[in-house]
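Residue numbers (UniProt numbering), protein chains in the order written: chain X, 1 to 362; chain D, 1 to 362. For every residue, glycine included, the Cβ atom is placed at its ideal position computed from N, Cα and C. A short worksheet on the structure shown next.
Protein chains: 2
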Amino acid sequence: MMKSGIISRYRSFLPVTQRTPQLTLHEGNTPLIRADVLSDRWGIDLYLKMEGWNPTGSFKDRGMVLAVAKAAEEGSRAVICASTGNTSASAAAYAARLGLRCVVVVPDNRVALGKLSQAVVYGAEVLVIEGNFDQALEMVREIADDQGFTLVNSVNPYRIQGQKTAAFEVCEQLGEAPDILAIPVGNAGNISAYWKGFIEFHQTSRSSRLPQMWGFEADGAAPIVRGEPVEHPETVATAIRIGNPASWKTAVAAAVESGGRMDTVTDDEILQAYRELARSEGIFCEPASAASVAGVFKQKQSNELPDGARVVCVLTGNGLKDPSTAMDAVTVKPKKLPCDREAVREAIDSREGTVHGSLETL
Amino acid sequence: MMKSGIISRYRSFLPVTQRTPQLTLHEGNTPLIRADVLSDRWGIDLYLKMEGWNPTGSFKDRGMVLAVAKAAEEGSRAVICASTGNTSASAAAYAARLGLRCVVVVPDNRVALGKLSQAVVYGAEVLVIEGNFDQALEMVREIADDQGFTLVNSVNPYRIQGQKTAAFEVCEQLGEAPDILAIPVGNAGNISAYWKGFIEFHQTSRSSRLPQMWGFEADGAAPIVRGEPVEHPETVATAIRIGNPASWKTAVAAAVESGGRMDTVTDDEILQAYRELARSEGIFCEPASAASVAGVFKQKQSNELPDGARVVCVLTGNGLKDPSTAMDAVTVKPKKLPCDREAVREAIDSREGTVHGSLETL
């Protein structure tokens with residue numbers, strides 16, 4: 001069978017040894033789907049990197065497989081992390097596969113139902129604290145030190161090493177780096193990882209140029225754009241609801257060195273992009289993921305988006321992670337009816353010709 | 001870029017023409033993951049076909065991409081289906097991508113939250129009736145006829161044609177057909193499709209043998225095993241909660257012709273397999289999917305599972321489709337704590353050494 005997973009595929013780019021376990025859930029190798037409707041509408045060549053189709057439904061799997069494999073190699077007895085949901089789901093899955101203990105600390109509100117269900121079903125010990133992500137992270141850093149657990153948040157250097165492989169794939173899928181790589185920014189590890197990946201592929205002559213890195217924070221959780229930590233971050237995009245990013249400096253460096261930018265998008269802009277991706281492209285991502293597309297649209301409106309540019313938006317997580325937001329976000333709700341053919345027929349007739357016409361568009 | 005999707009990959013096996021739209025969300029090409037722990041425990045060579053990692057999170061995408069593409073080719077103005085959730089999600093996504101109208105009729109209880117959220121966010125018209133799946137299917141059959149909508153339930157012949165490609169992939173991934181293909185049975189289209197696929201690959205000399213087909217119904221929704229329709233089907237595995245399967249005869253034929261079998265599994269057996277897949281293999285599937293693994297375990301207990309057999313269990317849907325069942329099914333729940341480091345440390349210490357030891361095992 002074909003070798004699968006990022007450790008096998010990109011071995012020469014990763015800090016692995018003969019003793020690193022051959023851990024994989026077949027993460028990576030995610031599709032790059034062309035957004036035909038939005039490409040036409042905006043006059044660009046737009047692609048969506050489908051990171052939500054990783055094994056646990058988010059990009060976190062790329063870094064986590066390496067972090068957990070290295071933890072096992074180093075003889076660790078447990079892994080621990082703070083999480084807004086995606087990190088804990090991923091840590092729990094890979095720890096389960098290797099039979100390692102996994103402890104996750106999550107904030108007590110706004111962790112999406114799907115993500116919480118993942119961590120518990122994979123058998124992690126889930127501790128829900130009356131605090132926010134930044135407090136949870138501070139806590140697990142200390143506990144990891146004291147207890148000798150391996151911290152697998154993105155401050156773990158293997159996480160960024162694994163995540164950079166997504167940039168390799170983008171180059172391989174397009175045959176070259178794109179003009180612009182647009183990405184949501186929360187804890188800021190992922191933009192740093194992509195930039196590192198693009199640089200390594202460029203330095204080893206696997207691509208001949210570098211993209212501009214465009215990072216987008218949610219307006220209510222935008223410490224990097226504002227220039228200071230946000231004590232009470234708020235956004236519908238729970239995966240990037242972070243007030244004091246761990247990879248702040250490297251994220252800024254990625255935007256500056258690449259000639260790119262960091263900007264904010266509002267929750268309304270995020271949800272508009274989220275709905276539009278589903279209705280026009282058939283792609284259901286989590287709200288935070290849509291920040292990349294919302295950001296590109298905002299630049300388009302400001303005449304900052306070059307005509308014909310080849311743009312890759314990273315969609316970081318699967319829409320199924322957060323079904324409640326989906327149900328709240330739609331304007332046309334499910335309609336309850338008796339079990340009667342005429343009632344169903346009338347409901348169908350009454351919608352005739354109105355539904356597609358009523359959609360807002362980006 | 002590499003051609004993607006089942007229409008491009010398996011064109012010569014499918015009823016497509018020059019006028020069939022090049023529709024794809026990169027469905028198919030799903031991983032086949034070895035279940036190392038269960039293989040060792042049961043003395044077999046067990047693989048999991050990860051159909052829940054398709055674009056909308058279930059195997060339905062393979063057949064739906066073809067059914068919707070053919071509907072568009074034939075000039076249809078709308079697609080319609082009844083659904084326990086997965087079919088509607090898939091129909092809605094592909095219809096959205098082609099800009100076709102989509103109407104879905106679902107029963108008013110037991111459609112998992114994730115699935116309902118998908119249909120609405122993709123922009124389908126969702127009608128929830130006070131009835132069960134079988135009543136919904138009868139209704140949409142009549143409405144499709146009257147209104148000239150294209151019915152995209154599995155009675156649509158293109159659905160089975162598309163779904164058979166999963167059998168092709170299993171043969172390609174293993175280099176040969178397995179000894180046994182184990183699969184959940186609900187509306188019974190999928191077991192029929194796999195059998196058709198294995199036969200076509202065998203007839204064209206792409207594989208040298210055929211597998212036994214083992215189909216498993218939920219105990220409370222087992223019309224085929226019981227030999228008569230079930231008026232009020234009941235099971236936690238909502239995706240196979242069907243009392244009068246559309247593909248009944250072809251499913252029986254698959255089991256009989258292949259020298260295989262059809263059997264039932266209880267909800268307890270399903271949930272035990274569901275938890276075990278997550279905790280031991282790091283795989284989160286939907287409850288119905290676990291019926292395949294539960295069924296194999298039941299045969300093992302009855303000494304009906306040959307030592308060393310190469311077995312593929314089809315995991316039909318993603319666990320994220322049904323987060324509520326996951327939260328209910330686990331024995332170790334999330335623990336709420338104040339935002340206090342000592343409280344977290346105590347909670348961790350109290351679990352020391354107890355968690356992995358307390359797991360039930362298959």
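Runs of the beta strand (DSSP E) lying entirely within the segment 118 to 199 of chain D and spanning at least 3 residues, in chain order: 125 to 129, 180 to 184. X:L66 is the residue among X:A35, X:G28, X:L66 whose C-alpha sits nearest the C-alpha of L14 (chain X). No Cβ-Cβ contact shorter than 9 Å links S154 (chain X) with G52 (chain X). V152 (chain X) has its alpha-carbon roughly 10 Å from the corresponding atom of S90 (chain X). With respect to A253 (chain D), S192 (chain D) sits close: the two C-beta atoms are nearer than 9 Å.
Contact note: H232 (chain X) does not reach chain D at a C-beta cutoff of 8 Å; the least C-beta distance is about 14 Å. By the Cβ neighbour-count rule, S12 (chain D) is exposed, with fewer than 16 other Cβ atoms within 10 Å of its own. For F297 (chain D), the three-state secondary structure derived from DSSP is helix. The beta carbon of F284 (chain X) falls within 9 Å of a beta carbon belonging to chain D, placing the residue at that interface.
Taking one beta carbon from each stretch, the segment 308 to 322 of chain D and the segment 108 to 124 of chain X have 3 or more pairs nearer than 8 Å; the two touch. Residues of the segment 150 to 169 of chain D whose Cβ lies closer than 9 Å to any Cβ of chain X: none. Remark: fewer than three beta-carbon pairs, one from each stretch, lie closer than 8 Å, so the segment 246 to 263 of chain X and the segment 75 to 85 of chain X are not flagged as touching. For L48 (chain D), the enclosing beta strand (DSSP E) begins and ends at 45 to 50. Residue environment analysis places R19 (chain D) among the exposed positions, since fewer than 16 neighbouring C-beta atoms fall within 10 angstroms of its C-beta. Here the segment 301 to 318 of chain D makes no contact with the segment 66 to 77 of chain X; the two share fewer than three CB pairs at distances below 8 Å.
Approximately 38 Å separates the beta-carbon atoms of E234 (chain X) and R209 (chain X); this is outside 8 Å, ruling out the contact. Interface criterion not met: the Cβ of D45 (chain D) is under 9 Å from no Cβ in chain X. Residue environment: T331 (chain X) is assigned as exposed (fewer than 16 neighbouring CB atoms within 10 Å of its CB, all protein chains considered). For T250 (chain D) against A222 (chain D), the beta-carbon gap comes to about 17 Å, at or over 8 Å, which does not count as contact.
Under the DSSP assignment, I80 (chain D) falls in the beta strand (DSSP E) whose first and last residues are 78 to 82.
Per DSSP, reduced to three states, the secondary structure at A288 (chain D) is helical. In the DSSP assignment, I6 (chain X) falls within the unbroken alpha helix (DSSP H) covering 6 to 9. If you draw a straight line from the Cα of S247 (chain X) to the Cα of V126 (chain X), it comes to about 25 Å. Note on geometry: alpha-carbon atoms of C102 (chain D) and K60 (chain X) lie some 33 Å from one another.
Listed in chain order, the alpha helix (DSSP H) elements of length 4 or more contained wholly in the segment 212 to 244 of chain X are 223 to 226.
For P31 (chain X), the neighbours in chain D by C-beta distance under 7 Å run, in chain order, S4, H26. Annotation for V236 (chain X): D267, P287 place their beta carbon closer than 6 Å to its own, counting only its chain and skipping 5 residues before and after.
For a cut-off of 8 Å, the C-beta gap from L362 (chain D) to F297 (chain D) is around 5 Å, short enough to register as a contact. DSSP, reduced to helix, strand and coil, places R261 (chain X) within a strand of the structure shown. Look at I33 (chain D) here: in three-state DSSP terms it is strand.
Only N318, G319, L320, K321, D322, P323, S324, T325, A326, M327, A329, V330, V332, K333, P334, K335, K336, L337, P338, C339, D340, R341, A343 from the segment 316 to 343 of chain X bring a Cβ to less than 9 Å from some Cβ of chain D. Not flagged as an interface residue toward chain X: M262 (chain D), since no C-beta distance is shorter than 9 Å.
Straight-line measurement puts the Cα of F198 (chain D) at about 19 Å from the Cα of G5 (chain D). Distance from the CA atom of V311 (chain D) to the CA atom of A309 (chain X), rounded to whole angstroms, is 48 Å. Cβ contact annotation for A136 (chain D) (same chain, cutoff 7 Å, sequence separation greater than five): A82, V105, V106, P107, I129, in chain order.
Interface residue (Cβ-Cβ distance to chain D less than 9 Å): T56 (chain X) is classified as such.
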